[in-house]
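> Quick one: this structure, given as structure tokens, is what I'll be asking you about.
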Amino acid sequence: MGTYHFDPRPLSQVCTTMKQKQNTIIKVEEASELLAFLLQHLQGKSRTSIKSLLAHRQVLVNGVIQTRHDTALKKGDTITLSAAKGNIELHHPKLKIVYEDENLIVVEKKRGLLTVAAHPGSAEMTVFSILKTYVRKQNPRNGVYVVHRLDRETSGLLVFAKTPELQEYMRTYWRELVTKRTYVAIVEGILDKKEGQIKSWFTEDKRNAMVYSSPVDDGGDLAITDYKVLSTLNANLSTLSLVELNLETGRTNQIRVHMTSIGHPVLGDRKYGHGNETSPIDRLCLHARVLEFINPVTEKKLHFETPVPKEFTKLFQHD
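In our numbering, the protein residues as written are 9 to 327.
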């Protein structure tokens, strides 16, 4: 989803801003258990001191805090020893942290949770408000900044920055940074082709909060979505398809608008589709499953995946 080309000046500024804590990062070369691995690589540290690091939540495996000494490691895992003690863990029924470092937080949200409040001053709980509370419990000066969004009823992966400088950089170069964004959706009907590409031009009506698609260039923004049918259901009451979608562009409501434009709206889409009152699943059936992007600070590629929601796959299980 773009080529990695950057102006080195802003990248240099971001890297300088981010270098605030000196954490130790170690790459796992062969399978092991966490305690044995740390004893081997932290020569001079006793079992007691290493267990203290675990107890103080200073050991992260692939960006996730680990406290168990018998955590299984595999080749390619990244171990981070945090310079900060007392890292707290987020516990929330609709939000889970899947990766965190000094600069970024990647989360998986469930449906029904806004990314950020729709109106300034709103007291509604959002991904942003939950993370803001979480980072400020660690340090009142810490902040969290929105890089991109998911609709309230869309579940899946989101990334947040920890400084306004990194937020601005990632927003400016989002198309170049992101190398893969994959969604899964249940759509109405059965598509004529098992895979294909949808290409059109989007015009956004901000007054009515709607996006319109044109098959010809009408001066709007080009939107491109690649799709692949994973499974189909042809029952008495429902004719549905489980579809994998890859975004080549990242326009507002792109998948929802594109699927409606070809006559196969996302199931449960009351804005662009029919809302399907007989839907077997009471939700917008859209999930951000894969997010892959270049970390601007380390310049390394980060790849995250979440499973297809069980409520999706259960519908397509055949006896």
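Where a beta carbon is used, it is the ideal one built from N, C-alpha and C, also for glycine.
Taking its Cβ as the centre, do 16 or more other Cβ atoms sit within 10 Å of T57, making it buried, or is it exposed?
Working through the sequence shown from its first residue, we reach residue 57 at position 49. The residue you asked about is not Thr; residue 57 is Ser in the sequence shown. With fewer than 16 other Cβ atoms within 10 Å, it is exposed.
> Just grab the DSSP bridge partners of A169 for me.
Here the question's residue 169 lines up with position 161 in the sequence shown. Partner(s): L112 and Y153.
> Rounding to the nearest angstrom, what Cα-Cα distance links I317 and G164 in this structure?
Within the sequence shown, the letter at position 309 stands for residue 317. Within the sequence shown, the letter at position 156 stands for residue 164. Note that residue 317 is Pro in the sequence shown, not Ile. Those two C-alpha atoms are separated by around 9 Å.
> Quick check on DSSP: helix, strand or coil for L103?
To locate residue 103, count along the sequence shown from 1; it is residue 95. Looking at L103 - three-state DSSP - the assignment turns out to be strand.
> Quick check: the Cα distance between G204 and S60, rounded to an integer number of angstroms?
Working through the sequence shown from its first residue, we reach residue 204 at position 196. Working through the sequence shown from its first residue, we reach residue 60 at position 52. Taking the straight line joining both Cα atoms gives about 54 Å.
> When the Cα of E116 is compared with those of L122, I105, V124 and A44, which residue comes out closest?
Numbered from 1 along the sequence shown, position 108 holds the residue referred to as residue 116. Measuring from the Cα of E116, the nearest candidate turns out to be I105.
> Hey, is the region 82-89 in contact with the region 113-129, meaning 3+ C-beta pairs nearer than 8 Å?
With the cut-off at 8 Å, the region 82-89 and the region 113-129 do not touch.
> Can you check whether the CB of L199 is closer than 9 Å to the CB of F324?
Stepping through the sequence shown from its first residue, residue 324 is reached at position 316. Stepping through the sequence shown from its first residue, residue 199 is reached at position 191. Cβ distance not < 9 Å, so F324 and L199 don't count as in contact.
> Return the residue from the list V224, D234, E41 and M218 that minimises the CA-CA distance to G281.
On the sequence shown, position 273 is the one that residue 281 refers to. When each option's Cα is compared against that of G281, the closest is M218.
> Taking a contact to mean a Cβ-Cβ separation below 9 Å, would you say R189 touches G258 in this structure?
As a working mapping, residue 189 is identified with position 181 in the sequence shown. As a working mapping, residue 258 is identified with position 250 in the sequence shown. Yes, they are a contact pair.
> Check Y235 in the structure and name its three-state DSSP category.
Within the sequence shown, numbered from 1, the residue matching residue 235 stands at position 227. Three-state result, Y235: strand.
> Mind listing, in chain order, the continuous alpha helix (DSSP H) runs of no fewer than 4 residues lying wholly within the region 161-226?
Counting whole runs of 4 or more residues, the region 161-226 contains the alpha helix (DSSP H) stretches 172-180 and 182-185.
> With a cut-off of 9 Å, does the C-beta of E97 fall near any C-beta of chain C?
This model lacks chain C altogether, as it is built from one protein chain only.
> Could you give the C-beta distance for L299 and V155, rounded to a whole number, given that I count them as a contact under 8 Å?
Numbered from 1 along the sequence shown, position 291 holds the residue referred to as residue 299. Numbered from 1 along the sequence shown, position 147 holds the residue referred to as residue 155. Their Cβ separation, rounded to whole angstroms, is 11 Å, which puts L299 and V155 out of contact at 8 Å.
> Are the beta-carbon atoms of L50 and T162 separated by less than 9 Å?
Position 42 of the sequence shown, counted from the first residue, corresponds to residue 50. Position 154 of the sequence shown, counted from the first residue, corresponds to residue 162. No.
> Quick one, which of I263, R160, D213 and K140 has its alpha-carbon nearest A231's?
Locating residue 231 in the sequence shown gives position 223, where the first residue counts as 1. Of I263, R160, D213 and K140, the residue nearest in Cα terms is I263.
> From the DSSP output, which residues share a beta bridge with F312?
Within the sequence shown, residue 312 is the residue found at index 304, counting from 1. Bridge partners of F312: L299.
> Below 8 Å on the Cβ atoms is my contact criterion, and I expect T211 with D225 to pass it. Report the Cβ-Cβ distance as a whole number of Å.
Translated into the one-based positions of the sequence shown, residue 211 becomes position 203. Translated into the one-based positions of the sequence shown, residue 225 becomes position 217. Their Cβ separation, rounded to whole angstroms, is 11 Å, which puts T211 and D225 out of contact at 8 Å.
> Would you say L46 and K53 are within 9 Å of each other, going by their C-beta atoms?
As a position in the sequence shown, residue 46 is number 38, starting the count at 1. As a position in the sequence shown, residue 53 is number 45, starting the count at 1. Cβ atoms of L46 and K53: closer than 9 Å.
> Here's a check: name, in chain order, each residue in its chain whose Cβ is nearer than 7 Å to the Cβ of L185, leaving out the five neighbours to either side.
To locate residue 185, count along the sequence shown from 1; it is residue 177. M178, F301, I302 and P304.
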